[in-house]
Structure formats: structure tokens, C-alpha cells
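This note's numbering puts the first residue of the sequence shown at 233, with every later residue one more than the last.
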Amino acid sequence: MGTLDNGAFGHLRGKVGNLVSYTLNGKNVVRELGETTKPPTKPKLANYQKMAVVNAFLKPILPFIKLGFAFAIQGTDHNQHNEAVSYNKRFALQGEYPNIEMDYSKALLSKGNLPPALLPATNKLPNGVEFTWQVPADMTYAELCNRAMLLLYFPESKTALFDLSGARRSERRDFFPLEPEHLAQIIHAYIAFVGDDRLSVSDSTWIKKLN
233 MGTLDNGAFG HLRGKVGNLV SYTLNGKNVV RELGETTKPP TKPKLANYQK MAVVNAFLKP
293 ILPFIKLGFA FAIQGTDHNQ HNEAVSYNKR FALQGEYPNI EMDYSKALLS KGNLPPALLP
353 ATNKLPNGVE FTWQVPADMT YAELCNRAML LLYFPESKTA LFDLSGARRS ERRDFFPLEP
413 EHLAQIIHAY IAFVGDDRLS VSDSTWIKKL N
């Protein structure tokens, strides 16, 4: 059943017949629900699997991409999740249906205007993961004050740990403490930087696979 928000002259919300209406980024959107009895084609099945794989990857890191794609959607009707899905579905998958999977080295978790991490590296220590990076000599003071955004993704358990406000870029180093059960898993390490305004961000960088 559909409802009218704000009376007879408001926006339709809900389902009426084969139409469904909802609000997206402050705008009322109406679309038709299609019905078909035909079995899905192979390209459609491949598309379903691509969406499922990307969404499974992004599910545990939604706060990270919400911050990471905030700059990329400015001035558009898009939201951060859709932007992240669109990019990673296009550029960060490998294999053919029914064996489509993530290419973690190509995943993008942040997209923006700040300089990305220069020569980032990771080192697994007995109690966590050390992140290091270089700082160009001509970097501005504001850029030196950027905070590191660190993310560790564990593909075996489809979980992730992240820090959205790590060390200053000028510090050239940060440390992510981990429990032994996490250190024993395969880990994909990513880094990005965010400005103090929490809107300016850099593109993320996949650093390496640990274990």
C-alpha cells in the first residue's frame, strides 16, 4: 500500500499496483516493477553475481566508504554506497560467471582530491600491523596534517577492521594492534588520507596481502 506524505499534494511513498515510490537523496523516485516468466540469461546471472560479490565485500566496511566516497558524490544525486559499488563492480572483479570474485588489489575504498599515500608499506609484527609511508618535500602544511585511514580486510571471514582517524601524514607511521586470531588470517591492507574537514580525502591504495 502506498501513502502520501504531507497530504494529497505530497510525495507518494510505498507500492501502488506495479509502481513503487521512495525517496533518494531528498528526491521522490517512482519506478515500475517488472514481471517476467523467462529464466534469467547468463549475462543477467553474471550481473547478479557481480553485485553479490561487491556487496559482500563492502558490507563490513560501510563506515569507511561513507567517509571515503563523500567527496566523490558532492554535487551529484549519488550516495557513497552506490558510488563504491559502481566503481568496484566495474574495475575490481575477476573471473567469469559462475566464478566471479574480488580482485582485492584493484578495490577502491576512497576517492578524492588529496594526494594518495606515497610508497606505502606494511609490516606484520607479533601484536599487529605497522603501516609506513613517505612524505614529499613539497607537501603543504594542511596535507601534512591529513589523518591516515587504515583498513585491514580478512577475506576468509569476510570481516574487516579499520581506523578512520589514524596518525598524521607527517608522522610517516601508524600501528594497528591485532589479536592473534586476526594475525593468523589472510589480510589485505589499504590506506587513504582524510582532511580535518572530513570531506577532503585521497584515493585509497591497496598495499599488500599479508600471510
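We put the CB at the ideal spot given by N, CA and C, even for glycine.
{"Query": "Assign M334 to one of two classes, buried (16 or more other C-beta atoms within 10 Å of its C-beta) or exposed (fewer than that).", "Result": "buried"}
{"Query": "Here's a check: name, in chain order, each residue in its chain whose Cβ is nearer than 6 Å to the Cβ of P292, leaving out the five neighbours to either side.", "Result": "T391 and A392"}
{"Query": "Can you name, in chain order, every residue of its own chain whose Cβ lies under 7 Å from the Cβ of L346, other than the five neighbours on each side?", "Result": "E375, N378, F425, G427, S432, V433 and S434"}
{"Query": "If we ignore side chains and look at the alpha-carbon of each, how far apart do S318 and P348 end up?", "Result": "21 Å"}
{"Query": "Is the segment 281–292 in contact with the segment 311–330, if contact means three or more CB pairs nearer than 8 Å?", "Result": "yes"}
{"Query": "Within a Cβ cutoff of 6 Å, which residues of the same chain sit near A339, ignoring the five residues on either side of it in sequence?", "Result": "N320 and A324"}
{"Query": "Is the segment 352–365 in contact with the segment 306–317, if contact means three or more CB pairs nearer than 8 Å?", "Result": "no"}
{"Query": "Looking only at its own chain, which residues have a Cβ that is under 7 Å from the Cβ of L277, when we skip the five neighbours before and after it?", "Result": "Y329"}
{"Query": "Need the endpoints of the beta strand (DSSP E) that E362 sits in, please.", "Result": "G360 to Q366"}
{"Query": "Consult DSSP for D429 and reduce its assignment to one of helix, strand or coil.", "Result": "coil"}
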